[in-house]
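If you count the sequence shown from 1, position 56 lands on 55 in numbering that gives the first Met the number 0, and the numbers rise without skipping.
Worksheet: the structure to be examined is printed underneath.
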Amino acid sequence: MEETTQSYYCIIEGEYDSKEKSPISIQFVRVPYDIEKEIELARKKESPGLDKYILELTKAKYRKLQSK
């Protein structure tokens, strides 16, 4: 599976704390945004770890998962 560099979130709907089995619904939502503009803003603010941040945004290579 290829990683996506879009923002996304999940909505889970159902009966909270139900004692009986009940249906649930799971919805995945992707939110496109301007990655190049975000990189430009990070450069202007001289954000720490900029190179790794750019990899996160463009290649979905997350800092915590990269070898040190």
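Positions of the beta carbon are idealized from the N, C-alpha and C atoms, including for glycine.
Because the structure is a prediction, the values reported are computed rather than measured.
Measuring straight from C-alpha to C-alpha, what distance separates residue i and residue j?
{"i": "D50", "j": "Y7", "result": "22 Å"}
{"i": "Q5", "j": "E37", "result": "12 Å"}
{"i": "I10", "j": "Q26", "result": "5 Å"}
{"i": "K63", "j": "P31", "result": "23 Å"}
{"i": "E45", "j": "Y15", "result": "44 Å"}
{"i": "V28", "j": "E39", "result": "25 Å"}
{"i": "Y61", "j": "K20", "result": "37 Å"}
Beta carbon of residue i, beta carbon of residue j: below 8 Å?
{"i": "L56", "j": "I34", "result": "yes"}
{"i": "A59", "j": "Y52", "result": "no"}
Taking only three categories from DSSP, how would you classify residue i?
{"i": "Y32", "result": "coil"}
{"i": "E12", "result": "strand"}
{"i": "Y52", "result": "helix"}
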